[in-house]
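Trainee:
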Amino acid sequence: QTNTKTHTQSYTAMPEFMDNSKARAIRLSLWDRVTPPVLTQSGSGSRLSPLTTPPCERTPHMTLSLQEILIVGSACEQAKFSELTMDMFRMLQTLEREPTESMHPMAGLPLAHGGPHDASPAASRMPPYGVPGSKGYVENGDRRGMRDNPHKYLLYKPSLSQLMVFLSSGFKELPPGGALLLYMSADGCFSTTKHPQDYGYELGGLATSVKRDATEGGLAVRGKSSAGYKEPHCLYPGDLYPYTRRPLFIIIDSDNSFVFQHIPRYFGQPLVILMSPQDVPANFQGMNIQHHGSLFTLFLHSPMTALCYICNVGDVPIHHWERCQNYVDRFVTEASRLVTRCRMDEIEQGIGYIDSSYVQFFGDDFLRTLILRFVFCDVTLRLHRGFRGRHQRPRCEPPLPAAELLEHPSLAHIILQLASALEVRGHFVEGPEGD
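Numbered by the working numbering, the letters in the sequence shown go through residues 531 to 965 in order.
(1) On the DSSP bridge list, what partners appear for Thr615?
(2) According to DSSP, is Asp885 part of a helix, a strand, or is it coil?
(3) Is there contact here, the stretch 678-685 with the stretch 595-607, by at least three beta-carbon pairs under 8 Å?
(4) Residues in the same chain with beta-carbon distance under 7 Å from Ser576, minus the five sequence neighbours each way, listed in chain order, please.
(5) So, under 8 Å CB-CB, Leu897 and Phe906 are touching, yes? Tell me the CB distance rounded to an integer number of Å.
(6) Between Ser612 and Gly718, how many whole angstroms is the CB-CB distance? I'm expecting something under 8 Å.
(7) Where Pro680 and Asp908 are concerned, what is the direct C-alpha to C-alpha distance, given to the nearest angstrom?
(8) Kindly indicate the opening and closing residues of the beta strand (DSSP E) around Ala737.
(9) Hey, how far is the Cα of Ala709 from the Cα of Pro929?
(10) Which residues does DSSP list as the beta-bridge partners of Leu712?
(11) Decide if Pro585 is buried, meaning its Cβ has at least 16 other Cβ atoms within 10 Å, or exposed.
(12) Around the Cβ of Cys606, are there at least 16 other Cβ atoms within 10 angstroms (buried) or fewer (exposed)?
(13) Determine the DSSP secondary structure at Cys764, reduced to helix, strand or coil.
(14) Quick one: using the 10 Å Cβ neighbour count with 16 as the cut-off for buried, is Phe797 buried or exposed?
(15) Fully enclosed by the stretch 844-932, which alpha helix (DSSP H) runs are 4 residues long or longer?
(16) Which value, in whole angstroms, describes the spacing of the CA atoms of Pro777 and Ser721?
(17) Within 10 Å of its beta-carbon, does Ile901 have 16 or more other beta-carbons around it, so buried, or fewer, so exposed?
(18) Are at least three pairs of beta-carbons, each pair with one atom in the stretch 920-938 and one in the stretch 840-855, less than 8 Å apart?
(19) Identify the continuous alpha helix (DSSP H) that holds Ile803 and give its terminal residues.
(20) Around the Cβ of Arg871, are there at least 16 other Cβ atoms within 10 angstroms (buried) or fewer (exposed)?
(21) Near Leu935, which residues of its chain fall below 6 Å by C-beta distance, leaving aside the five closest residues on each side in sequence?
(22) If we count the other Cβ atoms within 10 Å of its Cβ and call it buried at 16 or more, is Ile848 buried or exposed?
(23) Buried or exposed, going by whether 16 or more other CB atoms sit within 10 Å of the CB of His763?
(24) Between which two residues does the beta strand (DSSP E) harbouring Phe829 extend?
(25) Spatial neighbours of Ile803 within its chain, please: CB distance less than 6 Å, with the 5 preceding and 5 following residues excluded, ordered by chain position.
(26) Return the CA-CA distance between Asn786 and Tyr731, expressed in angstroms with no decimal places.
(27) Here's a check: name, in chain order, each residue in its chain whose Cβ is nearer than 6 Å to the Cβ of Tyr713, leaving out the five neighbours to either side.
(28) Is Val959 helix, strand or coil when you go by DSSP?
(29) For Pro629, which option in Ser715, Leu578 and Pro931 has the closest C-alpha, if you only look at C-alpha atoms?
(30) Using CA atoms only, rank isn't needed, just tell me which of Asp895, Val889 and Ile840 is closest to Val954.
(31) Leaving out the 5 sequence neighbours to the left and right, which residues in its chain are closer than 7 Å to Leu693 when beta-carbon positions are compared?
(32) Among Gly916, Phe826, Pro688 and Asp728, which one has its Cα closest to the Cα of Val959?
(33) Grab the span of the beta strand (DSSP E) containing Gly718 for me, first residue to last.
(34) Given a cut-off of 8 Å on the beta-carbon distance, is the pair Leu801 and Leu711 in contact?
(35) Thr835 to Leu828, Cα distance in whole Å?
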């Protein structure tokens, strides 16, 4: 029987969430010092549209499209509304297209048209209406030819078995050329093994649902075998190995995220793992940042808002916000150019500076946006004076090149120009020559 805290949901329910006065209060309370349009206008600046889709010089190798998404929220003590934590809500908005004039035939709600910016042909297939054993399941596009967004499962504090059921369902539904995205915002399960040999299970993982009673799941019988004990309510990197048979894009937001960097590519399929920082600087620890949602997820959702947060920016007038947003647009355009300028034949020969997985995922609008916002996050934190520890910056697997991308002077220059425009240049290190 499905746990009451485990929930699958679609975008069709989201306008009710956004129009609810309590939901608005939660959204606005996240950021009582910064009031850019992304927080004061429902969905503005967060959902994908033709104007906000990062540009890309497409190649024949960019064949994958995002089809199935699992958004999992298991972080404790995080603000939430109904069955959505703040991280879940932000990621859900990031992975939606801005609705246009087309109307949903069932609910009378806007549903996005396909267009030149659409790289996700999810509308071409008829998905199931539900998953056996689930309650409250609603499809986020339930008419053939009408869905412009990938299919999503939203899971709030699921048990491990429930998580694996829905992950398997998404895996099963993947069409040829489709990719599966797993996003997890969760607290870490830490290992006490001093000399780990199995990186799949001996480094710890992510807590799923709250721990059961001590008599359940073997907790009462640890005794003599405690040295080899593994927490049963934990998602380990090794649990994801079978799903690497298909193109898999993983985002881990946790204080134990780096343990997922060792997932092997046994089956030669595209695999990208974006991992949050495991720590925040001491001056941020007293600000209860995790209660209001993770900084890493905020970067993936709204890069400008995240930069304002780490620089203690107060009110930003809308007209100035829009001018500063132009720097973010310039950044993602330049980062996209740097990613795609590496030729595929060089990558296949092992002399290219970027892994082929990034190129294959880069043709999808949503995945390209996430990759480029990850680059923005990494470059920004590299330059910020407060984030000097290696565990205070994100990681990715396969690693993105430093010299050719993450430390490229043109990207650093744009970040420092943005900092100057916001009058927070002092928060950043000295930049490239000519800044």
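Each residue gets a CB set at the ideal place from its N, CA and C atoms; glycine is no exception.
Mentor: Looking at the coordinates:
(1) Lys610
(2) coil
(3) yes
(4) Val568, Gln623, Thr624, His831 and Ser832
(5) That belief does not hold up - the Cβ atoms of Leu897 and Phe906 are roughly 15 Å apart, past 8 Å.
(6) That pair is no contact at about 25 Å.
(7) 27 Å
(8) Gly734 to Ala737
(9) 20 Å
(10) Leu600 and Ile780
(11) exposed
(12) exposed
(13) strand
(14) exposed
(15) 848-870, 874-878, 886-891 and 895-913
(16) 29 Å
(17) buried
(18) no
(19) Segment Leu801 to Met805 is the beta strand (DSSP E) holding Ile803; no alpha helix (DSSP H) there.
(20) exposed
(21) Leu868
(22) exposed
(23) buried
(24) Taken as a continuous stretch (DSSP letters only), Phe829 belongs to no beta strand (DSSP E), being part of the alpha helix (DSSP H) at Leu825 to His831.
(25) Ile780, Phe790 and Glu927
(26) 13 Å
(27) Ile601, Met621 and Ile781
(28) coil
(29) Leu578
(30) Ile840
(31) Val602, Leu685, Thr738 and Leu765
(32) Gly916
(33) Gly718 to Phe720
(34) no
(35) 7 Å
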